[in-house]
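Input: a single structure, listed below in structure tokens.
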Amino acid sequence: MSENEMVTLKIDDKEVKVKKGTTILQAAKQVGIDIPTLCFLKDINEVGDCRMCIVEVEGRKGFATSCIQKAEDGMVVHTHSPAIMESRRVILDLILSNHHRDCLTCSRNGNCELQALAMKFNVQHVEFEGEMTEHKIDDKSPAIVRDFNKCILCRRCVATCKNVQQIGAIDCIKRGFESCISTAGDNSLADVNCTFCGQCIEACPTGALKEKENIKDVWRNLKDPEIYTVVQTAPAVRVALGEEFGLPIGTNVVGKLVSSLKSLGFDRVFDTNTGADLTIMEEANEFVERFQKQEGLPMITSCCPGWVRFAEKNYPDLLDHLSTCKSPHQMFGAMIKSYFAKKYNIDPKKICTISVMPCVAKKFECQREEMEVDGIRDVDYVITTRELSRMIKQANIEFTDLSDDVFDEPMGEATGAGAIFGTTGGVMEAALRTAADVIEGKDLDKFEYKAVRGGSGRKEATIEIAGKKIKAVVVSGLNNARTVMEEIKAGKADYQFVEVMACPGGCIMGGGQPIESSKVRREVDIRELRADALYTIDEKSVIRKAHKSPVMKQMYAEFLQKPDGEIAHKYLHTKYSPVKKYDI
Ligand code: SF4
Ligand code: SF4
Ligand code: SF4
């Protein structure tokens, strides 16, 4: 880089040389100076609205907003002068004056950016007490609760929904004291184009957005001696739950996770990775059939309910392209209430199945009318990674002190292919491992498809199997999904296999995962750390292809007979509807 592309400035007496175009906020970070932010969300909401990140620039009137003000050659910047500190305190005071301050009973107590700033700036009482706007709580959707009495109008949710997901289900309406975040026609999220991806929850710095809790339902069933409780836990949960207990991002806590679930009193603890293996068996065979007949291509994955809801609402004419496979936890729920119940002579009506998921859309999915067999629901409740952490804390379990335990038989041992389902590209890679062996009719040594790995929102790969080329595309984030769907609709796409995940990065970045602050999000690649942990699980797995799993062999031999067959279809497949009947 040439010298004239660089600028040199002084921040709090520290000299810093940065690339032209760098903001003061970024430049300060380079020399270890932390400027507080509130509305700022890296690459998503960089608008300088809240003015928490103000700094003084010598020789200029007023304060500059460091998240948008570019560093200039010769600038002398002060980030923590008494005047700035006082202004930040006043800004916080004003925000708090129109905020329901029931911190002790808020789900974000202890993990709220507003609370942390109030503490940091020693706001011990609110000076600007006065009239407060009162908002009705929107809890109609099965997945998300909105309490705008705790909203600080930072618009991080709006930017995420509009710019990242390109859904635009929410926006800022009205002006001045009346301003608020709302939907078209001020309807509930349940009644608009929201997909329940939950990315807005992850973006929110306060308790204004949260998942619809099912903790009480789970406790009630755990305490009922008549009920047999079976819990399953998704691949992405094990590489994120530790964050709720202070462990580094990307720590694999699977042993402690199983231990904690057993300590909570679940009768059986199963691994959704085994459900993912089952999905691979079905989806890979469905793909092979479509590919060999050259029908229904491209086949598009269907394991993400946020994506399915998006497709049903936006691409009703393309629903035949979606695989008919249920998602892994729904498949597994159906197997628990049929195969497992029969094998252990338990009345399926007495079984309560609970899924611990990184996802809030799965709360909606488990309530869909199709997700049952012979009147028996596949999954009764979905709780998020965050809800599980709350249950562990309620039960006074010292998570980090727990010793490791293993999943229960008979559906305990999953493959590495099931593990990578939690990250973008993982479903495609896992399915290709099985599809390639099925088409070639042998156990191929080369089964890693690294072209579909990584954090990019769109990845393409052409794979040659038995002399035939399969062109695949992997997208995460609904903006990327929309682009690919438009190409398919226009007849411009020549793919045979498409993987879609609603959340950017896949389920490891799901709307039910631990919420990391804006500061952590701008300093650490959370997606990469969690994804690396999943790929390490895969690498260390003894079996890395779903169809090699002894558990799969046993389930098909004892119950399902054959992949994509009649019994498998009854329990493991579903259908989609272009109409709006799923609006709850
Ligand atoms: S859940 Fe997703 S689609 Fe719905 S408002 Fe939030 S970000 Fe938008
Ligand atoms: S709901 Fe949360 S993210 Fe959205 S504007 Fe309010 S405080 Fe910000
Ligand atoms: S990507 Fe995963 S976490 Fe996100 S909506 Fe889809 S299934 Fe849920």
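Just so you know, we're using numbering that gives the first Met the number 0 here: the sequence shown kicks off at 0 and counts up by one. Glycine residues also receive a C-beta, built at the ideal position from the N, C-alpha and C atoms.
The C-beta distance from K255 to F398 rounds to 6 Å, short enough to meet the 8 Å contact threshold.
Partner residues in the beta bridge of E210, as assigned by DSSP, are I143. Minimum Cα-Cα distance from I151 among the listed residues E522, K41, E112 corresponds to E112.
As computed with DSSP, A310 is found in no beta bridge at all. Pairing T194 with F309 gives a Cβ-Cβ distance under 8 Å.
Rounded to the nearest whole angstrom, the C-alpha separation of P327 and V355 is 12 Å. Under the three-state reduction of DSSP output, Y227 falls in the strand class. A residue is called buried when at least 16 other Cβ atoms come within 10 angstroms of its Cβ; N220 meets this threshold and is buried. For D531, no beta strand (DSSP E) segment is defined; the enclosing uninterrupted segment is the alpha helix (DSSP H) at 525–539. With a threshold of 16 other beta carbon atoms within 10 Å, H546 meets it and is buried. Looking at the backbone, the Cα of E311 and that of V378 are separated by about 22 Å. Distance check between G206 and each of I172, D101, K488 places D101 closest, using alpha-carbon atoms only. Its Cα nearest to that of D346, the residue I226 stands out among Q560, D319, I226, P315. For Y575, the three-state secondary structure derived from DSSP is coil.
With a cutoff of 7 Å, A480 does not count as near ligand 2, since its C-beta is closer than that to no heavy atom of the ligand. Look at T205: its beta carbon is less than 7 Å from one of the heavy atoms in ligand 2. In this structure, V472 sits away from Y448, with a CB-CB distance that is not shorter than 8 Å. Boundaries of the beta strand (DSSP E) harbouring H77: 75–77, taken from the DSSP string. Annotated as distal: S540 and G425, with beta-carbon spacing of 8 Å or more. In the DSSP annotation of this structure, V497 is not part of any alpha helix (DSSP H); the continuous beta strand (DSSP E) holding it starts and ends at 496–500. Checking the 7 Å criterion, the Cβ of F195 is within range of a heavy atom belonging to ligand 1. Rounded to the nearest whole angstrom, the C-alpha separation of K16 and I514 is 33 Å.
Judged by the Cβ position, Q329 fails to qualify as a neighbour of ligand 1 at the 7 Å threshold, every heavy atom of the ligand being at least this far. Proximity of the beta carbon of A189 to ligand 2 is not indicated: no heavy atom of the ligand is located closer than 7 Å. For the set Q165, L559, S187, D403, the Cα lying nearest the Cα of K341 is the one of L559.
Of Q29, A239, N313, the smallest CA-CA separation from V483 is found for N313. Under the 8 Å Cβ criterion, the region 167–186 does not count as touching the region 223–240, having fewer than three qualifying pairs. For K9, the enclosing beta strand (DSSP E) covers residues 5–10. Assigned with DSSP and collapsed to three states, Y570 falls in helix.
Residue pairing by DSSP places E463 opposite K468 in a beta bridge.
Judged by DSSP in its simplified three-state form, L116 adopts helix. Membership of M484 in the alpha helix (DSSP H) is indicated by the continuous run 477–488. At a Cβ-Cβ threshold of 8 Å, C196 and Q164 count as neighbours. Within the region 307–385, the complete beta strand (DSSP E) segments at least 3 residues long are 350–356, 380–383, listed from N- to C-terminus. Three or more beta-carbon pairs separated by less than 8 Å link the region 329–336 to the region 555–571, which places the two stretches in contact.
With respect to the 8 Å criterion, L431 and I462 are classified as neighbours on the basis of their beta carbons.
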